[in-house]
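Chains as they are written, first to last, in my numbering: chain A, 4 to 314; chain B, 2 to 277.
Built from N, CA and C at the ideal position, the CB exists for glycine as well.
Notes for the one structure printed next.
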């Protein structure tokens, strides 16, 4: 075709057929091929996700009943039963882990992003967090075993929470740092110009503006922690009973209730999925389905909270 | 800073000279550094109550730097000032002065509209809440928005995000936010440079109205704008001798005098649009 500088005379001379889209031209063919490839890759990436969900609904749905929420894990060879204690256990362990990890992660992120981004402490923290994100979860379990189980003298929900919080802190810290850094500098400047103290700049402008990003990090961390099995095997172990001895038994009431071996969905799935008994295998599938739904629901709640805090 | 009442008696500045009653800010900068870089020198200007003072000059002449000196918004590390900035009789660079409280008395509007990512209402109420204002916040917000000529456009959508407004509206929102706490002085750093001509005109009209109540210092690239709105004009130029880039004040006086009868060579050239 002609050079880009087309004079009116040249423009009249253009053969309109050359403007038609044709796969015979190499550029068009390349573009078409790449579009097809990216589409195929997307489908390829999504297919494991959907096949997992499909299997979970298909197999997990079978044993789904009210009993799985209200009953205790069945012994071998028996029918029925459920895993209400494991649902509550997972909820309790992850909640305690949140209570430990969220403040540390967010406050740490505020420091390394806002107050001392260029300090040596900040680069050390950042480096440590990046290393910790790659920490094999079983190491977190071993650490919590040594630091909590051995010290307190037994397996407990608390020990499991400590192990999970170790996995959560770096995720929260790094995502929150990114979210805080993404707050436009001119908003920070506006706040300073209004006479906000450094603390007020952070609490009234930076955190509210970064809230959706920070919450995303928290949700990611929860999703990761809720599904972890290895660290809990060393720390919370499992229990076939409710968390409390007093009525209502499903509700942990005293600090003591947190210091005993505690059931969790992840460990239940691990235990039951290898079981030779059909009933237990079926319950493992149902537990997996419920775990996925729990993570999904907490994600939805978190994101809608984040959206609301924006206005 | 202690809550200094408006000074009614003449105060002395660093030179021991008398500052007239109506001077709200008396700024004398001998030298201003960023680390080892000398950014400005030899600046002496008085901002008078109820007037608009314009700072004009070519790019890099330090006019924004000087404006930011007036409420201690020079946040860059290594900032150092030789001289003084006296606000109502108090040197705001004195060691016992908290820059945060200075900024609560001397507000600022920036070049880029910078509303917070929150509702229009909360944007305007921001300063009031910082100051833990006990009175009727809604009334104050409405008044600020009316003064900023934005009320009619946002009344009814107060809960929607400030970021959803157009550029010109955002800038008026920022002005409303700045005046909601009724600061003594309003500093404006090229408030119209990101806006289209119509929005610019509205802001200019607004500035002319606001000077009834507020003292205003404005940096502008636009000579016509200075001519239209400013009572006093300071012309800055940049000294590039010895490989440096130091801004200094060439001439300061009533706007008419600066535009009609400039005394200095550089001012004449710049006003006539001749650039060396």
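Residue burial classification, residue i (beta-carbon count within 10 angstroms, cutoff 16)
| i | result |
| --- | --- |
| residue 18 of chain B | Note that residue 18 of chain B has pLDDT 46, beneath the 50 cutoff, so the model's placement of it is unreliable and no number is given. |
| residue 260 of chain B | buried |
| residue 215 of chain B | buried |
| residue 105 of chain B | buried |
| residue 148 of chain A | buried |
| residue 57 of chain A | exposed |
| residue 48 of chain A | exposed |
| residue 218 of chain A | buried |
| residue 128 of chain A | buried |
| residue 1 of chain B | Lying outside 2 to 277, the shown extent of chain B, residue 1 of chain B is not represented and no answer is given. |
| residue 73 of chain B | buried |
| residue 120 of chain B | buried |
| residue 53 of chain B | buried |
| residue 277 of chain A | exposed |
| residue 191 of chain A | buried |
Span separating the alpha-carbon of residue i from that of residue j
| i | j | result |
| --- | --- | --- |
| residue 156 of chain A | residue 98 of chain B | 56 Å |
| residue 204 of chain A | residue 102 of chain B | 14 Å |
| residue 123 of chain B | residue 50 of chain B | 30 Å |
| residue 210 of chain A | residue 118 of chain B | 11 Å |
| residue 225 of chain B | residue 41 of chain B | 25 Å |
| residue 200 of chain A | residue 134 of chain B | 16 Å |
| residue 212 of chain B | residue 248 of chain B | 27 Å |
| residue 189 of chain A | residue 260 of chain A | 50 Å |
| residue 20 of chain A | residue 212 of chain A | 53 Å |
| residue 309 of chain A | residue 298 of chain A | 16 Å |
| residue 71 of chain B | residue 183 of chain B | 17 Å |
| residue 125 of chain B | residue 90 of chain B | 29 Å |
| residue 3 of chain B | residue 140 of chain A | With a pLDDT of only 45 at residue 3 of chain B, under the threshold of 50, the placement of this residue in the model should not be trusted, and no figure is reported. |
| residue 169 of chain B | residue 208 of chain B | 14 Å |
| residue 5 of chain B | residue 93 of chain B | With a pLDDT of 46 at residue 5 of chain B, under the threshold of 50, the predicted position of this residue should be treated as unreliable, though the coordinate-derived value follows. Going by the C-alpha atoms only, they are around 12 Å apart. |
| residue 38 of chain B | residue 186 of chain A | 29 Å |
| residue 303 of chain A | residue 225 of chain A | 12 Å |
| residue 270 of chain B | residue 242 of chain B | 19 Å |
| residue 53 of chain A | residue 198 of chain B | 54 Å |
| residue 66 of chain B | residue 75 of chain B | 7 Å |
| residue 202 of chain B | residue 230 of chain B | 11 Å |
| residue 69 of chain B | residue 196 of chain A | 10 Å |
| residue 167 of chain B | residue 161 of chain B | 13 Å |
| residue 273 of chain A | residue 290 of chain A | 10 Å |
| residue 1 of chain A | residue 31 of chain A | With chain A represented from 4 up to 314, any question about residue 1 of chain A goes unanswered, as that position is not in the structure. |
| residue 107 of chain A | residue 172 of chain A | 7 Å |
| residue 55 of chain A | residue 144 of chain B | 58 Å |
| residue 254 of chain B | residue 235 of chain B | 7 Å |
| residue 214 of chain A | residue 135 of chain A | 23 Å |
| residue 154 of chain B | residue 146 of chain B | 9 Å |
| residue 131 of chain B | residue 194 of chain A | 10 Å |
| residue 185 of chain B | residue 131 of chain A | 48 Å |
Residues near residue i in its chain [Cβ-Cβ closer than 8 Å; skip 5 each side]
| i | result |
| --- | --- |
| residue 110 of chain B | 172, 175, 176, 179, 187, 188, 189, 190 and 192 |
| residue 286 of chain A | 66, 71, 76, 77, 84, 85, 86, 271 and 275 |
| residue 31 of chain B | 42, 43, 83 and 84 |
| residue 235 of chain A | 96, 144, 163, 166, 167, 267, 269 and 270 |
| residue 26 of chain A | 32 and 35 |
Cβ neighbours of residue i in the same chain (closer than 6 Å, five flanking residues each side left out)
| i | result |
| --- | --- |
| residue 281 of chain A | none |
| residue 265 of chain A | 92, 160, 239 and 242 |
| residue 146 of chain A | none |
| residue 64 of chain B | 56, 58, 220 and 237 |
Contact belief for residue i with residue j at Cβ below 8 Å, rounded distance in angstroms
| i | j | result |
| --- | --- | --- |
| residue 256 of chain B | residue 233 of chain B | 6 Å |
| residue 195 of chain B | residue 114 of chain B | 7 Å |
| residue 137 of chain A | residue 178 of chain A | Not confirmed; about 15 Å, so no contact. |
| residue 57 of chain B | residue 221 of chain B | 6 Å |
| residue 128 of chain B | residue 246 of chain B | Their Cβ separation, rounded to whole angstroms, is 35 Å, which puts residue 128 of chain B and residue 246 of chain B out of contact at 8 Å. |
| residue 238 of chain B | residue 100 of chain B | So it is not a contact: roughly 29 Å between Cβ atoms. |
| residue 288 of chain A | residue 63 of chain A | 4 Å |
Proximal residues to residue i (C-beta, below 7 Å), its chain only, five neighbours per side dropped
| i | result |
| --- | --- |
| residue 228 of chain B | 256 and 260 |
| residue 221 of chain A | 105, 175 and 305 |
| residue 229 of chain A | 93, 97, 294, 297 and 298 |
| residue 35 of chain B | 77, 79 and 80 |
| residue 151 of chain B | 170, 173, 174 and 177 |
| residue 117 of chain A | 183, 205 and 209 |
Original post:
Any chance the segment 254 to 261 of chain A sits against the segment 176 to 193 of chain A, with 3 or more Cβ pairs inside 8 Å?
Top reply: no
Original post:
Is the segment 158 to 169 of chain A touching the segment 100 to 108 of chain A, taking contact as three or more C-beta pairs under 8 Å?
Top reply: yes
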